[in-house]
Structures are given as C-alpha cells and as structure tokens.
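Asks:
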Amino acid sequence: MRRPLRLFFSFDARLHEELRSIARQYQSVRTHQRGVIVWCSAGGATLVLLLARFQWDGFAPWMGPALVAVFATATALSLWKLWRDRLDIIATAREIEREHPELQEALRTAAEQSPGSGGKLHFLQRRLLRHALDHAATAVWHQTPRTQARWLGPAHAIAIGAAIGLGVMALRYRTPFDFAWPFQSVGAAIAHGSGIEVTPGDVEVETGATVVVAARFPGKLPASANLVWQNADGQTGRESMAPSLSDPVYAFTLANVESDTVYAIEYPDGRTDEFALTVFELPHLVRADASLDYPDYTGYTDRTITDTRRISAVEGTQLDYVFHVSRALATAALQDEHGNVLPLAPRNADRTTFGTTFTLAESARYKLQLFDHENRADPAPADIRIEVTQNKRPDLKIDFPRGDQRVTPLQEIHFQAKVSDDFGLLDFGLATAVGNGEPDYRSFADATSSAPKLEADVSYLLALEDAGVEVDELVTWFAWADDFAPDGQIRRTTSDLFFAEVRPFDEIFREDVSGGGGGEGGGGPAADLLQIQRQLSIAIWNLQQSSLVGPTYTADVATLRDSQNTARAQLEEMRARLEEPRLRGAASLAGQSMKIAAEELDDAAESASLDPLADAWTASQSAYRALLKLQPRETNVAQNSGQGGSGQRNQGQINQLRLRNEANNYETASEAESPTSPEDREQLNLLSKLKDLSRRQQDLNERLQELQTALAAANDEAERDRIRRELKRLEEEQRRMLADLDEARQNLDRMNSGEQREQARQQLDQSREDMQEVSERLSSGEVSSALASGTRAQESLESTREQLREESSSVFSEQLRELRRQARELSAQQDQLAQQWRDEQEKPPSLDDSASREALAESLDAQRERHGNLLRDMRQITEDSEGTEPTLHRQLYDLMREQGSDGPSRELETSAELLRRGFLDQARRQQAGVGEAFEQLQASIERAAESVLGSEATEMKFARNELEQLARELGGERPTPSEPGTTQSPTSIPGRESGEELTGTGTEPGTEPGTRPAPGEGEGELRVAGGEGPSSDEQNGTTPSNEPGEGARVATATSTTGDQSGASPGNGVGDQPSSTPSGPEPVESFEETLARLLPGGTRRGGEGRREGNGPITGRDFGDWADRLRTVESLLESEDLRQRLAEARGEAEDLRREWKRNGAAPQWDLVDTGVVSPLNEVRRWLDQEIARREDPTSLQPIDRDPVPDKYAEAVRQYYEALGGAN
C-alpha cells in the first residue's frame, strides 16, 4: 500500500515529501536500468574476449588483464552514474504529469510554490496545492516506478550474475583443452616416464576436422614446447605451441586434418611418446547410375544414365539402380516417405557398391540410408526421386456431332473423331448400333503401316435411309481404340456412348403464353423416365467395358438393379394414366425389357460375373427404344434466360422457331476462365527452366574459358591451387545443373506425348550426356575438353527450348514482344524529347546555345535510328508471317502502308537539321505531329501483338495472382504459435455461361395439348453431383485418361409420394431424397455409386499431394521456384525481371543454408530479400492492370520505392499521422 500523507504538515511540505518519496523510487529505477545496460555490455565484452581466445592462440596471455579491465570499467561506471544521480523534484513532477495528463502543468506549478514574506501561502497557492494533494490521494503516483523497479531489480541482478559467470568461465577456459572434441570422445594420454598429459592422445577424427593438441606438464612449465607431426602423405611439420598463463599447459590447433597423422610433443628436456590421429570418413553417396529396360511396346531403346538422382520412366520399366558410396558399408537401404525400407544388396566384395532391381509401378521419393561397420550414418541422406509415367488409355474425342442427336430417317450423320495414345495405337475406329443390335466396329487403321500411330483422325458417314432406320428407332455410336496395357496385353478403350433418336417428320411446337417459362420444362414424366433409362444404359455399358470385377463390382451392379426396379415402378404408375392403346403397348414393352434388365443385373450381382451384363445392356436398350414411343408429338415452347433443362432433346428444332422476344436486360453473372490450363502452366515452367539452365551453362562455360587462360598463365603453385579449387566449385555447380536437368526431363515426361515431344526428349538426353561429360572432364582436370562439351550442352539446351517454344506458341511470339517493347520505348523517348523542347523554349535567350541545340539534335537522330530499326524488324515479321499467320500479316502490312517509306523519320531528320542551323521555331513546328504518330504506331503494334500473344492484361493478372500466392505460401511458412494448423484456400470452380435459350414443355401422352402437369407430377428424377439433370449437350466426347466414361451428372429414378405442394413447374425436378435404406455403417451412397459408374465419376481414390511446411523448409521448393521463374519470364520490364531474379536467388541461398545447417531461416532476411520484392512487383502489376482497365482512374504518383536513407523517416511520418487520428 501507498504510505499515507502526514496531514498535520503544511500543504507545501506535504507535497514536497510526497514528491521526494517518488523521486527516490525513480532514482532506483534509473539505477537498475543503467546497471542492466552496463553489466550486459560487460558480459558481451567478456564473450567477445572468449571467442577471440579460441580464434587466436596468441591472445591467451592477454585474457586475464582484459577481463580485469572490463569488470573494473563496469564497476567504476556504475558507481560514477550513481554518484551523479541526484533527486530532482521538478523532474519527478514532470514524470507524474506524463503518466497523468489530466494534471497538465499543475503539479510542476505547485511544486515551485513557496510561502510569501509572511511565511504563509495565499488562497490561490493553497487551492493549487490542495488540488495536487487531492489528486495524489486518489491517483496511484507510486504505481509506475514501483512496477518498473519490481522487474528491473531482478534483471539487474541477473545481468551482474551473467557477467560474473562469463568472466569465471573465461578464466577457467582460457585454454581450450577442456572442451569436448568433435566426432569422438576425448581422452587424455600420459607419456610414459614423463608424467606429461597429452590431449587428445590416440583418437579418431572425421576427415577435415580441426584438432586442438594440448600438453599439461606436472611441474614447472618449460620454456618452450613444439608439436611435431607427420601425416600419411609424408608431409611433416614442426609448430610452436602457445603457453597458458595460469595452468602449466601448452596448446596448438591442427586445422583440416585430411589423413592419418602421428604427432608428439618436444620440449627442452625431452620428447613425449607418439600419438596417432586416425582419420575416418562418414559414408556418403558418390555416384548413382541407373539402367532402364523399357517395355517392348514403348519402342524405346534401353538406356543407362550415369550420376543421376532423378529418374523418369514409363510404368513397367525394369530399373537397375546402382549406388557408389565413399567407403565400405555394413548396410544400405532406400526409405520412402511412409517409412518403408527397400534393402540394397552389395555389388562388389569391398561393399562400396550397392544396388537393387525392381519394376516401376508408381512414383516414389526415397532417402538413401547408409551405415558403415561402426554404425556411422550419412548425416545428409541423398534424395532419390523416381517419377513413373502411367501408360494411359487412349484419348478419344468425338468432334462431330457433339452430344445426343434427334434425326429423321432420311438424314445422314457425319461422324468425326480424334484418337491419340502415348505409345501408339494398334487399332481404332467407330462403332454404331441400331436398336438393340450388337455394335458394328469399323476399323480405320492402316494395315500397311508397320509403326503404330500416336494420333489419328476418324471420319465416317452413316446414311440412315440405307440402314433401314425407322421412326422411334435408336442409333448408338462411340469411338474405340486398342493399345497395349502395362502388362503388354492388348486392351480396348471406348469413348462415351451417344444416342441418335429417330424422330417423326411431323412435330408440332406451340408458343407457351402462360408466362411460366422460368422453369426447366422436361417433357413430363415420360421425358424424365427416358432420361433415367438413358443413364442406366450408359452405366451398364461402362461397367461392362471396364473388363474388371473389382471389390465394388457387386455393390455397383446391385445399385443399377435397384435403380432399374425403381424406374420400372415409376413406369407402371405412368402406364396406369395412359389411355391410347399404342402408348399402353409401348409402355408394356418397356416394362418387360426393364424386368429382363433387372433380372440380368441380379444374376450379375450374385455370380460376380461380367457375362450377364451384355444381356442386361441389350434389354436396357430395348426399354429405351420403347420409351421413345411415349414421347409427345406436340410441345409448348417458352423463352427462358436461365440454364437449360434436362429434357431439351429437341433443342435444335426449338432454336429454329421465331418467338416474341422479351429481352431480359439482366445478365447472369459468369466467371472468367483461367488464362492458362495446367498443361500450359507446365509448358511455361519447362521453358523457363530450360532458359535458366541454358543461361547457367553459358555462364559456366565463360568462367571455364577464363580459368583455362588463367591456369596457362599461372606462375606459382599457390595460384594454380586457387584455380583448381575454383574448378572444383564449378564441377559441383555442374552436378547441380545435372539434377535440375533431370527434373526438367521429368516435367517433359509428364506432358502429353507427340513426335515433337519425343524429339525434345532425345535432345535433352543428349544435353545430359554433354553435361555429364563436362563434370567428368572437370574431375580429371581436362578443362579444354570440358569447355567443348559445355558449349555443345548449351547449344543443345537452347535448341530444345526453341523447339518447345515454337510448338507451344506462335513462332513470332518473341519477335512481337520485342517489337512491342521497341514501340513503347520509342513513344516514351518522344515524350522526353517533347519535354526537352519545352525546357529549351523556356530558357532565357543566350549568345551561344549551340551546345544545347546540338545535344537535342543528336537525340532526334537517335530517335530516328530507333524508328528505323523498328520498321526494319516489323517488315521482317510481316514477310515471315505471310504464310503462317495471315491475320498478323494483314495487320502489320496495313501498318507498314500507313507508315509509308519514311514516315516520321523524315520529319525527325528535318528537325535535327533545322536545329543545327539555328531555326528553333521551324524545327519545333516540324515536330508537332511526330509524338501523335508514335502513339498511334504503338497502339497499332500492341493490337497486332494481341492477336498472337493474347491480352497482356491477362498475362499481368496471371502474374499478379501467382506472386500473391507465392508470397502467401512464404508467409504461411513462418511459425505462428497462435495458428494450430494450416488451412487451404478453396479451389475456384469455373462458372458456366448461361445464355438465353428456348425451353420446351412436352405434352404428356394421353393428355390434352397445351395443358401443364400438376406440381409434383412426374418428378421422380433425383439428380446427383450437380443438382441438374444432364442435357443432350453435356457430353463433350472426351474420355478420361484412366477409364472410359461419359458425363458427370446422374439421373436416378426414385418413387414419388404424390403431389408436393412446395414445388412449382419452374423449379425443375430432382429434389426428392433417395429411397435407398441406409445401412448400419457409413457406406457409399446410392447416388455416389451411380455417379462413379457414369462418365466423370470417380473410379479410384484421389491422390492428394502431400504438402510440406513451406517453400523454403518444405519439399515443394522446386515447384515454388519454377512458378516464380515463370512469372519472371512473363514480365517485359528488365528491372522487374531483375528484382524477381534476385528474390529467387535469395530464396535458393536460404534453401541451401537450411539444407546445410538445418536451422530455421532468418525471417527478417526472408521478408527483406524475398517477400518484399514479390510484393513490390505485385503492387506494380496491380497499378498497371488498373491503369489499363480504366485509364481515367487515379494512380499513385510515388510509384518508385522510397530511398533507403529516407525509409525510416517516411515510416515515422506515417506512424505519426496514424497516431494523430
């Protein structure tokens, strides 16, 4: 508690006593603060002295005096500060007013008051003092100094204790022989007869270790002592040892012990016994060689890759992996990410070569675990990555017609499809089936060709009249292809099933004027049931084509059986409402076919066999044909701006009608597609990596050439040793480039196959051989041969990159980027010239201004030269693009005609000549239209470039989003105690464009035309995985790479329970819950099973990629750096590219430092060196995108970064502004 005031004293005495009490407490606080600073400084100085002692043996004699000086200075400084510190009541009052602003300056004024001539205070003084004392009684003036003293006092004591402890340790360990030795247990050896204790004696040390040899003498310290040593290479040495001041010890440090060494201590009275330093080497990987035996169906030539830790091969390849290690080992094994161990067998008697042979089935990442006979392990296990390329099924794509069709019996259907495979097509073609007949497979493979094709186009014309197709018949078609499976057997893959319904010639469509066009009209229950049966037919077909009885086969077939029975029950309900005999007969035929299909599916489920599925599919097709006869002949049509319904099978006919156009001025929001696909992004990453490898190889070649010249001119051995060390460093850099090239090869293998890609693979393999030869030549000291191989590797890398670039984009992309850059530079330079004209005009007249006029004239000549270079490049692109890029050629040709033969160049030349002759006004008038001409030229070139390169704003947005994501990943890596985990941002789902379309509402058979079904009637369709029934345009004709399939949405039949009052005709259907009973265990739902059987459904579990804890310390640094390199290649500004390159280099340095030491990165360096440049470039992109999208929007003026010397002042300025608010 605060001490109570003495109430019997006068006001001024009471206030002064209160202030003196608080002043003493503030004095204590200041004493503790100074003590903490002084003694922490003393401890730091002691630590510096201790480190200096271990770095420099000659400092040992000065250790004691230096410590005494440090502690004497600290003590004297503390006492002097304490003596100088006086109680100051006014200063104390100022501190109290700072803590209690409501006092303003009243307390200092009260403290300065004194009685008058009569020894008494007048009224105002007493009132002021009473106000101060009242505030002291209510406020806690003592709280702040007491709180500070409460924690500063212990801190002061800890600082003094720490400083004294460091001082004691410095005195105790002023010689280093008492410290632990690295990599071995320390023991002291006593020389026989002399009693001298030699440390470490006989000991094992790691290669390259530093050993401190110390000798403790039993009696008086001799005048001198020398360390005599000899290593296994025959080198000898005699070194003078340093004495200790307090202990009878001599010591010397042997640095970089590379071989076994024998040493002894010589002193004036004799010599100790000899001791041995036995050198050992921790095991590590020297080289890893891989032999790949490809499957015969690939047509690849078996190959051997030397010194590689990254392997990419197709599944089924037999891999023989051999690891050469540095020393004999007890065991060696590969350990994967899940802890599974693959033992390696020794391949030689010395146990320095281990290997394993196995067949590649899936990608894996291993750590090479090495243990020698003393159970020493490799401290940094090698990272082995094996990328297995899956043998994908052929890719089948129906180009025309798209989706299901409705045709007349007299039409001809022209089928067009594209077929491709990664290793070659054995056979391919189209298959058609009429009604429930067997499909007719037509082959389009060239029987005379010996080599299988990777890609092929299929075209076939089917004349329905010649095939005898009738009305309400069903034509089924699909594409098919045969290739080799991973086991070498022939497998067949089929595309999605497509149907053509043969419609009658007379169909009636009436405009629905009831205003209910907001819903999905589906044609009534018959259309819904037809859609359900279609889905079931496709699901049975896909299950039959899978040719596998998997673990979920029985459950899948049971799901189809239950769905078929439910559809049959729904058909019976509808059949009871039919009146026409023709329709009732068609319904009975459909019901019988459904019954047969359900029975066959039941047999397939019980026998777990694929055989009954053929009859089940035939019966399902028959049911589908019969249901076609239940379709209405008249359809009510309403105009709808929403999404299409599921039953719009006759959309083609509806779209040809002319209805009253009631325009909807409100468009449905849609989401733009991503500017780049995953394949494009992979392509960009590969191009950027090849460009970086080519640049690095060129830099290494230039450095090799310099070292070759320096080595020939070297005169002494020291210079040659320095050059050899530099060559060794270049050899290590070449090995790192080999690893990066292997990673680029894996990226290329993951991309789609093709003849050009195969050529790129061969070129990369040749580049790798050349780069491997560079490393081997450097290892043997053949610099000239290494330089020749490096030059070939650099040229091969550049050629491969150019080939891939031409394949991925137009051949004129780089030229157009350069042309656009030149146009922008030309326009910017003209703006600067215009400013120079204005400055020249505003200058006061002078007697001689020839110098300034000549400088301006030279600028005009340079501008004319730049314009000529631009026209020359543009003319070349115009000529080259005539045959390959007609649009680009036409735009550039028109632009060349507008520019004329000279264009602004003549005006620039005339202006320069007039300037030199002194006609300033005439030259300025001549320049009037040049700036506008250059701006028009820039705009025209940018429009032409966009026709090939695409929108630059889209590239900028992509780069901005990538930078934002890269910076966010770095920020998420920083350890934050408050964050228990990491959350992933949801993936964006591209929206679907919704345009205005015509929707038809079919008339139910047996009802009057123009009537509408009641709500809930015929709503027996349950839509899965999207909530919408599939339309006829859903199928895109593309088969997934893993399984044949057909669409992503499923319509499943469910029983209805009468009318649903909450539904409306415009709602669509499919909101009833599934009627499948749930089991006691959480199993796959009824709808999920059907969704998996239909196209787009999940056939196998997802393979989520395991994320590390961040780019720098995690496992995805390579992908992170590739993405940053891709962004760097998209930017045209050299300054921005350089900024990102520096950030990427800093990140690579931090990554290497983390892998070398294992310590957490210094996050301030990450922020300043990596995150800050990324954010700066992203902010620039934000401003540039905003300027391009809205040129009238306000943009920041100070776009350049604040200079370093003003950065702190600017930061304080903005903090002050924020604090003022």
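Numbering (full-length UniProt numbering), first residue to last: 1 to 1221.
Note that beta-carbon positions come from the ideal geometry of N, C-alpha and C, so glycine has one too.
#1: Nearest CA to the CA of D296: which residue from R568, T317, K418?
#2: Do the CB positions of L970 and L1124 come within less than 8 Å of each other?
#3: What first and last residue would you give for the beta strand (DSSP E) that runs through R86?
#4: Closest to residue 1240 by C-alpha separation, out of M574, A959, L51, R406, would be which residue?
#5: Based on Cα-Cα distance, which residue from E470, Y441, P452 lies nearest to Y460?
#6: Could you pull the DSSP bridge partners for I311 from this structure?
#7: For A382, which residues of its own chain have a beta-carbon under 7 Å away from its beta-carbon, when the five flanking residues on both sides are left out?
#8: What residue ranges within the stretch 257 to 311 form continuous beta strand (DSSP E) runs of no fewer than 3 residues, ordered along the chain?
#9: Could you tell me if D770 is buried or exposed, where buried requires 16 or more neighbouring beta carbons within 10 angstroms of its beta carbon?
#10: Helix, strand or coil, according to DSSP, for W480 in the structure here?
#11: Tell me, to the nearest whole angstrom, how far the beta carbon of L700 is from that of E733; I am working on the premise that it is less than 8 Å.
#12: How is D740 classed by DSSP in three states: helix, strand or coil?
#13: Please classify M874 as buried or exposed, where buried requires at least 16 neighbouring CB atoms within 10 angstroms.
#14: Where does V36 sit, in a helix, a strand or coil, going by DSSP?
#15: Between the beta-carbon of A500 and the beta-carbon of L396, is there less than 8 Å?
#16: Between which two residues does the alpha helix (DSSP H) holding E913 run?
#17: Measure the CB-CB distance between A627 and L530 and report whether it falls below 8 Å.
#18: Helix, strand or coil, according to DSSP, for G153 in the structure here?
#19: Just tell me which of E935, E858, H324, R1139 has its CA closest to the CA of P1173.
#20: Within the continuous beta strand (DSSP E) that includes A586, where are the two ends?
#21: Would you kindly check if the distance between the Cβ of F444 and the Cβ of G429 is under 8 Å?
#22: Taking its Cβ as the centre, do 16 or more other Cβ atoms sit within 10 Å of G35, making it buried, or is it exposed?
#23: Going by other Cβ atoms of all chains shown within 10 Å of its Cβ, with 16 needed for buried, is P167 buried or exposed?
#24: Indicate whether A526 and M574 have their beta-carbon atoms separated by less than 8 Å.
#25: Restricting to Cα atoms, I'd like to know which of R824, K691, L693, L727 is closest to E706.
#26: Among S593, T75, R20, whose alpha-carbon lies nearest the alpha-carbon of C40?
#27: Quick test of the definition: if touching needs 3 or more C-beta pairs under 8 Å, does the stretch 254 to 267 touch the stretch 221 to 241?
#28: Would you call the CB atoms of N226 and T261 closer than 8 Å?
#29: What are the residues that DSSP puts in a beta bridge with R238?
#30: The alpha helix (DSSP H) that contains T1126, what's its start and end?
#31: Is it the case that the stretch 556 to 576 contacts the stretch 531 to 543, given that we only count it when at least three CB pairs across the two stretches are under 8 Å?
#32: Could you give the distance in angstroms between the alpha-carbon of V469 and the alpha-carbon of P439?
#33: How long is the line joining the alpha carbons of A42 and V1177, rounded to whole angstroms?
#34: Looking at the structure shown, is S775 part of a helix, part of a strand, or coil, going by DSSP?
#35: Looking at T298 and V279, is the spacing between their C-beta atoms short of 8 Å?
#36: I believe S694 touches E798 by the beta-carbon criterion, under 8 Å. Please report the beta-carbon distance rounded to the nearest angstrom.
Replies: Taking the coordinates as given:
#1: Residue nearest to D296 within the set R568, T317, K418 is T317 (criterion: CA-CA distance).
#2: Against a cut-off of 8 Å, the Cβ pair of L1124 and L970 comes out as no contact.
#3: Counting along the chain, no beta strand (DSSP E) covers R86, and no H or E run does either.
#4: Look at the range of the chain in this structure, 1 to 1221, and you will see that residue 1240 is not part of it.
#5: Distances from the CA of Y460 to each of E470, Y441, P452 were compared; the closest alpha carbon is that of Y441.
#6: Answer is I386, bridged to I311.
#7: Contacts found: L285, R309, L368.
#8: Counting whole runs of 3 or more residues, the stretch 257 to 311 contains the beta strand (DSSP E) stretches 261 to 267, 275 to 280, 285 to 293, 303 to 305.
#9: Buried: at least 16 other Cβ atoms inside 10 Å.
#10: Collapsing the DSSP output to three states places W480 in a strand.
#11: Taking 8 Å as the upper bound for CB-CB distance, L700 and E733 are in contact here, some 6 Å apart.
#12: Correct three-state label for D740: helix.
#13: The C-beta of M874 has 16 or more other C-beta atoms within 10 Å across all chains shown, which makes the residue buried.
#14: V36: helix per DSSP, three-state reduction.
#15: Contact flag unset, no.
#16: Start and end: 904 to 917.
#17: What sits at residue 627 in the sequence shown is Leu, not Ala. Yes, Cβ-Cβ distance for L627 and L530 is below 8 Å.
#18: Three-state DSSP puts G153 in a helix.
#19: The shortest C-alpha separation from P1173 is found at R1139.
#20: Where A586 is concerned, there is no enclosing beta strand (DSSP E), although the alpha helix (DSSP H) it sits in stretches over 581 to 607.
#21: Against a cut-off of 8 Å, the Cβ pair of F444 and G429 comes out as a contact.
#22: Per the 10 Å Cβ criterion, buried.
#23: For clarity, residue 167 is Gly in the given sequence; the question names Pro instead. Under a 10 Å Cβ-count criterion, G167 is classified as buried, with 16 or more other Cβ atoms of the shown protein chains found around its own Cβ.
#24: Taking 8 Å as the cut-off, the beta carbon of A526 is found closer than this to the beta carbon of M574.
#25: For E706, the nearest C-alpha among the options comes from L727.
#26: Per the Cα distances, T75.
#27: In short, these stretches touch, since the Cβ pair count reaches three.
#28: Cβ atoms of N226 and T261: not closer than 8 Å.
#29: Paired residue(s): V228.
#30: Where T1126 is concerned, the enclosing alpha helix (DSSP H) stretches over 1117 to 1130.
#31: With the cut-off at 8 Å, the stretch 531 to 543 and the stretch 556 to 576 touch.
#32: Rounded to whole angstroms, V469 to P439 spans 15 Å at the Cα level.
#33: C-alpha of A42 to C-alpha of V1177: approximately 45 Å in a straight line.
#34: Note: S775 maps to helix in three-state DSSP.
#35: For V279 and T298, no; Cβs fall outside 8 Å.
#36: That pair is a contact at about 5 Å.
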